[in-house]
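Written below as structure tokens is the structure these notes are about.
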Amino acid sequence: MKRRKAIGRILLTGGATAAALGGYEWFSLTKKPDIAYLLTNRDLLAALAETIIPGTAIPGAREAGVVAFMIPLLTECTEPKTLNVFIAGLQSLEAYTASRYKQGFIQCTDSEKSEILRYFEEGAQPLNRVLGRAKEKFLGGKFFHTLKQYTVEAYCISEKGATRALRYIPVPGRYDACIPLEPSQTAWATN
Amino acid sequence: MGDPKQVYVNTNGLEQQSFDAIVVGSGISGGWAAKELCEKGLKTLVIERGRNVVHVKDYTTAFTAPWQFPHGLNNTIQEIKDNPVSAQNFNPANNAFYVRDQDHPYIQDDPFHWVRGYQVGGRSLTWGRQCYRLSDLDFEANAKDGHGADWPIRYKDIEPWYDYVEEFAGISGRPEGLAHLPDGKFLPPVEMNCIEDHFANQVRSHFKERIVTPARIANLTKGWKGRGPCQFRNLCDRGCPYGGYFSSNSATLPAAAATGNLSVVFDAIVIEILYDEKKQRASGVRVMDAHTKKVIEYFSTILFLNASTIPSAAILLHSRSNRFPNGLGNDSEQAGHNLMDHFTGSGAVADFSGMEDRYYYGRKPGNIYMPRFRNISADSLRSDYLRGWGIQGSGSRKSWEQVASETKGFGKEFKEQLLKPGPWTLWLGGWGETLPYYRNRISLDAAKTDQWGLPLVHIHFSYGDNEKSMRKDIRQTCADMLEKTGFHNVQGFDYDQPPGSAIHEMGTLRMGKDPKTSVLNGNNQVHAVKNLFVTDGSCMTSSAWQNPSLTYMALTARACDFAVRELKKRNL
Numbered sequence: 001m002k003r004r005k006a007i008g009r010i011l012l013t014g015g016a017t018a019a020a021l022g023g024y025e026w027f028s029l030t031k032k033p034d035i036a037y038l039l040t041n042r043d044l045l046a047a048l049a050e051t052i053i054p055g056t057a058i059p060g061a062r063e064a065g066v067v068a069f070m071i072p073l074l075t076e077c078t079e080p081k082t083l084n085v086f087i088a089g090l091q092s093l094e095a096y097t098a099s100r101y102k103q104g105f106i107q108c109t110d111s112e113k114s115e116i117l118r119y120f121e122e123g124a125q126p127l128n129r130v131l132g133r134a135k136e137k138f139l140g141g142k143f144f145h146t147l148k149q150y151t152v153e154a155y156c157i158s159e160k161g162a163t164r165a166l167r168y169i170p171v172p173g174r175y176d177a178c179i180p181l182e183p184s185q186t187a188w189a190t191n
Numbered sequence: 192m193g194d195p196k197q198v199y200v201n202t203n204g205l206e207q208q209s210f211d212a213i214v215v216g217s218g219i220s221g222g223w224a225a226k227e228l229c230e231k232g233l234k235t236l237v238i239e240r241g242r243n244v245v246h247v248k249d250y251t252t253a254f255t256a257p258w259q260f261p262h263g264l265n266n267t268i269q270e271i272k273d274n275p276v277s278a279q280n281f282n283p284a285n286n287a288f289y290v291r292d293q294d295h296p297y298i299q300d301d302p303f304h305w306v307r308g309y310q311v312g313g314r315s316l317t318w319g320r321q322c323y324r325l326s327d328l329d330f331e332a333n334a335k336d337g338h339g340a341d342w343p344i345r346y347k348d349i350e351p352w353y354d355y356v357e358e359f360a361g362i363s364g365r366p367e368g369l370a371h372l373p374d375g376k377f378l379p380p381v382e383m384n385c386i387e388d389h390f391a392n393q394v395r396s397h398f399k400e401r402i403v404t405p406a407r408i409a410n411l412t413k414g415w416k417g418r419g420p421c422q423f424r425n426l427c428d429r430g431c432p433y434g435g436y437f438s439s440n441s442a443t444l445p446a447a448a449a450t451g452n453l454s455v456v457f458d459a460i461v462i463e464i465l466y467d468e469k470k471q472r473a474s475g476v477r478v479m480d481a482h483t484k485k486v487i488e489y490f491s492t493i494l495f496l497n498a499s500t501i502p503s504a505a506i507l508l509h510s511r512s513n514r515f516p517n518g519l520g521n522d523s524e525q526a527g528h529n530l531m532d533h534f535t536g537s538g539a540v541a542d543f544s545g546m547e548d549r550y551y552y553g554r555k556p557g558n559i560y561m562p563r564f565r566n567i568s569a570d571s572l573r574s575d576y577l578r579g580w581g582i583q584g585s586g587s588r589k590s591w592e593q594v595a596s597e598t599k600g601f602g603k604e605f606k607e608q609l610l611k612p613g614p615w616t617l618w619l620g621g622w623g624e625t626l627p628y629y630r631n632r633i634s635l636d637a638a639k640t641d642q643w644g645l646p647l648v649h650i651h652f653s654y655g656d657n658e659k660s661m662r663k664d665i666r667q668t669c670a671d672m673l674e675k676t677g678f679h680n681v682q683g684f685d686y687d688q689p690p691g692s693a694i695h696e697m698g699t700l701r702m703g704k705d706p707k708t709s710v711l712n713g714n715n716q717v718h719a720v721k722n723l724f725v726t727d728g729s730c731m732t733s734s735a736w737q738n739p740s741l742t743y744m745a746l747t748a749r750a751c752d753f754a755v756r757e758l759k760k761r762n763l
């Protein structure tokens, strides 16, 4: 317990974090994010999003056009540190895929894509809560978390996601406070 | 000035510069002053510092679907950087109704979020719409425990005016027969959903003196005075094209305009209130056009200052004369002091297992309320703090955002999970009374000015031990209640939100019996300037624990009635 607290305290100051990481890594997190890389890898983003929310009888992430939302969310609504971690994550995922599967992520089969993403999801688990939270604060959000969060958000606010996967009623006209949930009923798109 | 014909046809045009009454500000209290004075036959000019917002026409995002916002409801990093205060409150759907911080600087001597909406309608467009009456528990509090000045009024003085404003505004709610949260003239309540109802029943059986009631809100559960009804979209803060909730734009200003007595100027910033030393009366206002910076004066027999708590005090402090070197009506030197805000951000949230086959239809604009249950009786006295707090709560099935963040994995199973309504959850948060401290104040900078040459406002504010002790109790008590009523995964929280975050700032020109210790009398009349009235949040002598807007409305209607009677007696 004491040790956890100590680690937390060290990581709660940016300077100490920079020292602990070494100057280069700190610099690489605070540098200007490589937006061009994102923009040239829309297909990769779409393939990753589709792995998270695949098409079934209900449209998946690709059909919902999530990349059109994810790009502005990433480039304009994301802290530079988190965005740098995200871009580095994409690059490291491509490198991992190339070394292990000898091809790009896009070319992989669905089951290979799932294996790869599972590897990155597991890597995204924080070591422990204190360290995880402190790290997130100073190192930016984890790659997989950001990917999943934005995929979900882009999907659920997209027209297809909101109207064909979830249920969207612009003008309900009344409030029924407590009614039976139909067996196959999906959730409301908005609150 | 903006062309008033865009909204309110004024046959006299604005070549006319003299009116029976001037109202400064068009927010919740200014709108009421305009309505009351116009309906009583006074030619009335409303002066609004911000842009015009035409009911319905200017609610530009009211029908925008989620996918039509490029960033969803997220602010961009740049927007947050440019608006460190406003961006904590606005999103891309409603940001047209909040000021840009960089256009309206102020100085935070201590952290204080001053959230503003400079436009016709003011913050009545974006308010939380919760409407609760004060009672004698509140009006007597200062006198009993010695904090602040005694309120010059008691519940019986304001009771008919609560009736009066509720009857016009349309407040939905459920009568509960509580002495300390008097019932009002209610439209049918918005019903509690399954989990809220469960919680309400459990609370009733486990706790004495505690009840859960549907939030009392200014949303119309049936058509009312040509407005509404509410369509259960829960998009109120974008402006409601159905007039489903009370705002100046939907309700009071149209009523005022219908009399033919109303003129409105917008983009018009009041620099100072003019004082006639011979008559010992306010004579009018000096105003600057926000765009051309042209200065013009308007004159009137009576004036209502409704610029909101901080600007109303700032305007008086800036209106200096030989008679009032420290600011108009400020003989007591209390003007700007005793700033209060409710504190929020502490409470608890929990999950519930069961009722998985139940859901709801529609999106309600208000949820549940638990009236104060501390320090209301011998059994509920606290040794660690004075006064009390109320709880706003909200039950729902978890949304896709929450489900996604709590569900591991990805792929088909994840997708299935994501699209199902999540488990039931209930959130409880406290809104606590803040004592009036003389040290908490606004003042004017001696040198720094804004783009109109007006001195920047300083805000100096800190909570005391009473508020800190209350916060602790709120967190603990909310968590305990959720534990005892069958919830699990109970998590207490206490977010360190900057003061001002409740957007309930009040108290800077308090009412009182004694001109030596207060700025306004029991009729909201400036003690030494009889034709000048202030009826916005600045008049509050204590903050009480209830959301305050309804009280501003009632005090405004009451003061207008008094002012016009005095006018007829030729006392003003």
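Those sequence lines, one after another, are chains G and X.
Numbering-wise, the first sequence is residues 1 to 191 according to our numbering.
Numbering-wise, the second sequence is residues 192 to 763 according to our numbering.
Note that the Cβ used here is the ideal one computed from N, Cα and C, for glycine as well.
What you are looking at is a predicted structure, and each value in this text was computed from that prediction instead of being measured.
Check the Cβ-Cβ distances between residue i and every residue of chain G, and say whether any is below 8 Å.
i	result
Trp591 of chain X	yes
Glu612 of chain X	The amino acid at residue 612 of chain X is misidentified as Glu; the sequence shows Pro. Yes, contact with chain G.
Ile268 of chain X	yes
Asn680 of chain X	no
Val381 of chain X	yes
Ser537 of chain X	no
Trp342 of chain X	no
Phe265 of chain X	Position check: residue 265 of chain X holds Asn in this sequence, whereas Phe was assumed. By this cut-off, Asn265 of chain X is an interface position.
Pro275 of chain X	no
Leu609 of chain X	yes
Tyr552 of chain X	yes
For residue i, which three-state DSSP category applies?
i	result
Trp305 of chain X	coil
Asn529 of chain X	coil
Arg242 of chain X	strand
Thr255 of chain X	coil
Tyr297 of chain X	coil
His679 of chain X	strand
Asn440 of chain X	helix
Ile106 of chain G	helix
Phe652 of chain X	coil
Pro739 of chain X	coil
Glu357 of chain X	helix
Contact check, residue i vs residue j under 8 Å by CB: the rounded distance?
i	j	result
Val774 of chain X	Ile298 of chain X	This structure leaves residue 774 of chain X out entirely; chain X is present only between 192 and 763.
Leu645 of chain X	His509 of chain X	7 Å
Lys231 of chain X	Cys751 of chain X	7 Å
Ala504 of chain X	Ala526 of chain X	6 Å
Trp580 of chain X	Trp622 of chain X	6 Å
Phe105 of chain G	Leu147 of chain G	Not quite, the Cβ-Cβ distance comes to about 12 Å (not below 8 Å), so this is no contact.
Can you confirm whether residue i, when its beta carbon is compared against all beta carbons of chain X, has any partner nearer than 8 Å?
i	result
Pro172 of chain G	yes
Asp176 of chain G	yes
Phe69 of chain G	yes
Pro126 of chain G	Low confidence applies to Pro126 of chain G: its pLDDT is 49, below 50, so where it sits in the model is not reliable, and the reading given next is rough at best. Chain X, which has no Cβ nearer than 8 Å to the Cβ of Pro126 of chain G, makes this no.
Ala187 of chain G	yes
Leu39 of chain G	no
Ile35 of chain G	no
Pro180 of chain G	yes
Leu166 of chain G	yes
Glu94 of chain G	no
Thr109 of chain G	no
Between residue i and the ligand NAD, is the CB less than 7 Å from at least one heavy atom?
i	result
Lys606 of chain X	Of ligands this structure carries none, so the ligand NAD is not represented either.
Any 3 or more C-beta pairs closer than 8 Å across the segment 627 to 645 of chain X and the segment 548 to 566 of chain X: no
Residue ranges of each alpha helix (DSSP H) within the segment 496 to 554 of chain X, 4 or longer: 500 to 509
At least three beta-carbon pairs within less than 8 Å, the segment 697 to 708 of chain X to the segment 721 to 739 of chain X: The segment 697 to 708 of chain X is in contact with the segment 721 to 739 of chain X.
Within the segment 371 to 459 of chain X, ranges of the beta strand (DSSP E) (whole runs, at least 3 residues): The beta strand (DSSP E) runs lying completely inside the segment 371 to 459 of chain X and spanning 3 residues or more are 453 to 456, given in chain order.
The segment 626 to 636 of chain X / the segment 529 to 538 of chain X touching (three or more Cβ pairs under 8 Å): yes
Cβ contact (3+ pairs, closer than 8 Å) linking the segment 433 to 450 of chain X and the segment 306 to 321 of chain X: yes
Residue ranges of each beta strand (DSSP E) within the segment 559 to 584 of chain X, 3 or longer: 559 to 561
Runs of alpha helix (DSSP H) wholly within the segment 261 to 346 of chain X (minimum 4 residues, chain order): Those alpha helix (DSSP H) runs which fall completely within the segment 261 to 346 of chain X and span 4+ residues are 268 to 273, 327 to 330, 332 to 336.
Validate contact between the segment 279 to 296 of chain X and the segment 337 to 353 of chain X using beta carbons, cut 8 Å, 3 pairs: no
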